[in-house]
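K.L.:
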Amino acid sequence: MTIPHYGVWVGQPTRYDAQTEQQDPKSPHIYLYFKDDQYSRKEPEAAINVKSTDKDTRLVYWFNRNFTHPILDQLASLDEGFHLLQSSEHRYRHYRHEESTSGLKGLDFLRTEGLVSIEAGTLLPSEETSDNDILDKLDPILTDAINQKATVYIFGSSYGSGIHDIHMNQGNSPSYDNGIYEDGALLFRFEDGHWESVFLAFASQEIPTNAKGLPEEGSKTLASILGE
636 MTIPHYGVWV
646 GQPTRYDAQT
656 EQQDPKSPHI
666 YLYFKDDQYS
676 RKEPEAAINV
686 KSTDKDTRLV
696 YWFNRNFTHP
706 ILDQLASLDE
716 GFHLLQSSEH
726 RYRHYRHEES
736 TSGLKGLDFL
746 RTEGLVSIEA
756 GTLLPSEETS
766 DNDILDKLDP
776 ILTDAINQKA
786 TVYIFGSSYG
796 SGIHDIHMNQ
806 GNSPSYDNGI
816 YEDGALLFRF
826 EDGHWESVFL
836 AFASQEIPTN
846 AKGLPEEGSK
856 TLASILGE
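Sequential numbering of the sequence shown, starting at 636, is according to the numbering used here.
Spelled out as structure tokens, the structure:
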């Protein structure tokens, strides 16, 4: 099954909250709130995974504080709001820009050239070690984006009041959603012209993947590729 209502949501980040494992032991999230309409008080949320629900709960991350890529020119031209990047049966009619955004393709960690170098990923240590909180890594980027009034481009699956699946969405077992050119990400455009990127995946996800985003025969987990 592909990722429902996949697209990119453009807005202005305002604040974030982080769930503790006591609040949600199975799947805690960091919630980044943003505005996409200066005349509305509503703040949609971006639900960012803190860990996987798989047996191996670890995350893999790729951060770039000076990100460059050909797709950025297209993104910079988008209006604020949610932009659908695929046909989907799961549509929320009250959102602007619901029709598929022509000329802009979804992200794919494996197929979008120059987007992510898999081998350069960092595997977050296990819970038994001290340096294991993704928030410690994310906070400088999120805080700078909020304080400097950056524009955020959030790739993932919209659920109406927010967006989730902001991570690699392929290489999972068939019981989970998989797809190609439907990976999640956080991209920030700052007023001085530079961009910053956040790409996340789960250590248990396997590559390479087939045309449906499922692991191919002989695929390896990201953990094993990164030497763990």
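Yeah, the Cβ is synthetic: ideal placement off N, Cα and C, and Gly gets one too.
Since this is a predicted model, take the numbers as computed values, not measurements.
When we look at the beta-carbon of Thr692 and count the other beta-carbons within 10 Å, is it buried (16 or more) or exposed?
P.N.:
Against the sequence shown, residue 692 aligns to sequence position 57. Answer is buried; the Cβ neighbour count reaches 16.
K.L.:
Just checking, does the stretch 835 to 850 make contact with the stretch 661 to 675 on the three C-beta pairs under 8 Å criterion?
P.N.:
Verdict: no, contact absent.
K.L.:
With DSSP as the reference, identify every bridge partner of Asn684, one or two as the case may be.
P.N.:
As a first step, residue 684 is located in the sequence shown; it is residue number 49 there, counting from the start. Its beta-bridge partners are His664.
K.L.:
Take His802 as the anchor and find which of Leu759, Leu742 and Thr856 has the nearest alpha-carbon.
P.N.:
Along the sequence shown, read from residue 1 onward, the residue named residue 802 stands at position 167. Out of Leu759, Leu742 and Thr856, Leu742 has the C-alpha closest to the C-alpha of His802.
K.L.:
Just list the residues that DSSP pairs Asn782 with in beta bridges.
P.N.:
Position 147 of the sequence shown, counted from the first residue, corresponds to residue 782. Its beta-bridge partners do not exist; DSSP assigns none.
K.L.:
Measuring straight from C-alpha to C-alpha, what distance separates Ser712 and Asn845?
P.N.:
Mapped onto the sequence shown, residue 712 falls at position 77. Mapped onto the sequence shown, residue 845 falls at position 210. Rounded to the nearest angstrom, the two C-alpha atoms are 32 Å apart.
K.L.:
Can you list, in chain order, the residues of its chain whose CB lies under 7 Å from that of His829, leaving out five sequence neighbours each side?
P.N.:
One-based indexing of the sequence shown puts residue 829 at position 194. So the qualifying residues of the chain are Asn701.
K.L.:
Going by other Cβ atoms of all chains shown within 10 Å of its Cβ, with 16 needed for buried, is Gln755 buried or exposed?
P.N.:
The residue you call residue 755 lines up with position 120 of the sequence shown. One detail in the question is off: residue 755 reads as Ala in this sequence, not Gln. Its Cβ having fewer than 16 others within 10 Å, Ala755 is exposed.
K.L.:
Does Pro648 come out as helix, strand or coil in the three-state DSSP assignment?
P.N.:
The residue labelled residue 648 in the question sits at position 13 within the sequence shown. Pro648: strand per DSSP, three-state reduction.
K.L.:
Starting from the Cα of Leu852, find the closest Cα among Lys784, Asn807 and Thr757 and give me that residue.
P.N.:
If you number the sequence shown from 1, residue 852 lands on position 217. Looking at the sequence shown, residue 852 is not Leu but Glu. That would be Asn807, whose Cα lies nearest to the Cα of Glu852.
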